[in-house]
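Take 0 as the starting number for the sequence shown in numbering that gives the first Met the number 0 and just add one per residue.
Structure, as structure tokens:
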Amino acid sequence: MKISFYGACREVTGSCILVVTTKNKFLVDCGIFQGEKFAMAKNFEPFEFDASSIDFVLLTHAHLDHCGRLPKLVKAGFKGKIYCSEPTKDLTEIILEDSARVIQEEARRHQHQPLYLAKDVLRVKPFLSPLAYGQKIKINSNTSIRILDAGHILGSAIFEVWLKEKDGEKKLVFSGDLGNPPAPIVRDTEFVSGADLVVVESTYGGRTHESPELRRQLLQQAVKDSVGRGGALLIPAFALERTQEVLYELNFLVENKMVPAVPIFVDSPLAIKVTSIYKKYASFYDQESRKLIEAGDDLFNFPGLVYTPTVEESKKINITPAPKVILAGNGMANGGRIPYHLKLNLDNPNNQLLIIAYQVAGSLGRQLLDGAEKVIIDGAEVRVRAKVTAIGSYSSHADGPTLLHWLEKIKQPKPRQIFVVHGEKESNFMLADKIKEKLGISATVPEPGRIYEI
0 MKISFYGACR EVTGSCILVV TTKNKFLVDC GIFQGEKFAM AKNFEPFEFD
50 ASSIDFVLLT HAHLDHCGRL PKLVKAGFKG KIYCSEPTKD LTEIILEDSA
100 RVIQEEARRH QHQPLYLAKD VLRVKPFLSP LAYGQKIKIN SNTSIRILDA
150 GHILGSAIFE VWLKEKDGEK KLVFSGDLGN PPAPIVRDTE FVSGADLVVV
200 ESTYGGRTHE SPELRRQLLQ QAVKDSVGRG GALLIPAFAL ERTQEVLYEL
250 NFLVENKMVP AVPIFVDSPL AIKVTSIYKK YASFYDQESR KLIEAGDDLF
300 NFPGLVYTPT VEESKKINIT PAPKVILAGN GMANGGRIPY HLKLNLDNPN
350 NQLLIIAYQV AGSLGRQLLD GAEKVIIDGA EVRVRAKVTA IGSYSSHADG
400 PTLLHWLEKI KQPKPRQIFV VHGEKESNFM LADKIKEKLG ISATVPEPGR
450 IYEI
């Protein structure tokens, strides 16, 4: 058996793992590379494998850095099934539709060919094959799979894969992105009983988050602080998961009168669509969220909340006097409507920018998080005089101690080999060193494109 890594390898985005056995050739995820531009040059490079020879894809969840190159894969000749959870199927469809729109706009702006078109997204949909959590299914005579809840976003999955080889059966585990429990809405991350080989993410492998209990308190303070200064609170948020988490917390704060009454705008057409899918899959929520719904609480609708799907409605936000809260995509401030709001508001010291998501190197959000005094937005130089703060505990990724605890639970059998991926190089090696030191297991930070014999 051979395994190789063609994305999220000593970096965070572009997840794509190739596994080749005597009977199968399959991918785990096929994500887009993200950075300063939405569709980076790396996305246009040919796949380092024959797409038509791939038997199936295991899709861990619907974030673009995990699903964003699926249209390109199908366009290149892939014709197999894409296994995922039920929510991931629905979410992937609308995420890819929006991705195609943004890619086309960017292609026109920079005068190059788009990575893919809306018609290519349509070709992906028939291949999406939903699975239920906990149900082990046989793909062929040599391969069985099962998904467990990763607790990262709605529908996120850990894949367990059983492969029959000449020297016996081997069990592979792919963590996907693991959650940061306890988190609003989603259930806690499930544990795996045993594995021969594990591929684990390490986005925050070298860090320890603030206590999750502080999330609501820190958000409350940010709202009160902005209101006290008479300014706007700007929150760049990913349309999928982060927006819904923040709305859940704001719902609690508003309904319990823990923050002043101010207009709260959700300025993201995609986030509005995603929220409707969240409502469809309430049975996937954690126990606390389900109890609130059963008691008649609409988690995504409360006094002062305004959804602005159209451009005309979005423009009205600017003439709404402060104080106000603007929750807009995208989470790294590279696209969506948040750059427009930042351009208008960053120069005002009464305003506040609250960063609640991982910021990849090169992104506008990362520049602001790192303390840039000036940034370029839509070709214009903008002074940064607004207060910039961050809440790490809103991360939907497990931190270093949580990742180690999850790996430590894998005991029957204990893994012989762990590959550490999906993190900046420093995080990769920090987690790998901890795995060796604390768990006594061989941990490798793979090199991009290198083939590893298992």
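Built from N, CA and C at the ideal position, the CB exists for glycine as well.
Excluding residues up to 5 positions away in sequence, D187, P211 lie with their Cβ nearer than 7 Å to the Cβ of P181 in the same chain. Our two residues, S51 and P259, have alpha carbons roughly 57 Å apart in a direct line. DSSP places P129 in no alpha helix (DSSP H) but in the uninterrupted beta strand (DSSP E) bounded by 127-130.
Rounded to whole angstroms, the separation of the alpha carbons of D148 and E189 is 6 Å. Residue environment analysis places V310 among the exposed positions, since fewer than 16 neighbouring C-beta atoms fall within 10 angstroms of its C-beta. The Cβ-Cβ distance between A236 and G334 does not fall below 7 Å. Beta-bridge partners of R107 (DSSP): none assigned.
Counting of Cβ neighbours within 10 angstroms places F418 among the buried residues, the total reaching 16 or more.
Burial of E10 is indicated by the presence of at least 16 other C-beta atoms within 10 angstroms of its C-beta. For S225, the enclosing alpha helix (DSSP H) stretches over residues 213-228.
The beta carbon of R122 lies closer than 6 Å to those of V73 in the same chain, with the five residues before and after it left out. Note on geometry: alpha-carbon atoms of E244 and D266 lie some 15 Å from one another. If you compare the alpha carbons of V383, T388, R384, K433 with that of W405, the shortest gap goes to K433. The three-state secondary structure of C66, taken from DSSP, is helix. With respect to the 7 Å criterion, N317 and G230 are not classified as neighbours on the basis of their beta carbons. Approximately 7 Å separates the beta-carbon atoms of I152 and V185; this is inside 8 Å, confirming the contact. Shown here, R449 sits in coil according to DSSP, grouped into three states, outside any helix or strand. Excluding sequence positions up to five before and after E425, its CB lies within less than 7 Å of the CB of G205, all in the same chain and listed in chain order. In the DSSP annotation of this structure, the continuous segment of the beta strand (DSSP E) that includes P235 starts and ends at 231-235. Beyond the five residues adjoining it in sequence on each side, R336 comes within less than 7 Å, by CB distance, of D266, S267, S313, A327, G328 in the same chain, given in chain order. Comparing C-alpha distances from L162 to each of F428, I136, G150, N250 shows the shortest one belongs to I136. In the same chain as K323, and ignoring 5 residues on each side of it, the C-beta atoms closer than 6 Å to its own belong to A231, V261, P262, in chain order.
Boundaries of the alpha helix (DSSP H) harbouring G364: 363-368, taken from the DSSP string. Its chain contains V374 as the residues whose beta carbon lies nearer than 7 Å to that of Q366, once the 5 sequence neighbours on both sides are disregarded; these appear in chain order. S267: not part of any alpha helix (DSSP H); DSSP gives it neither H nor E.
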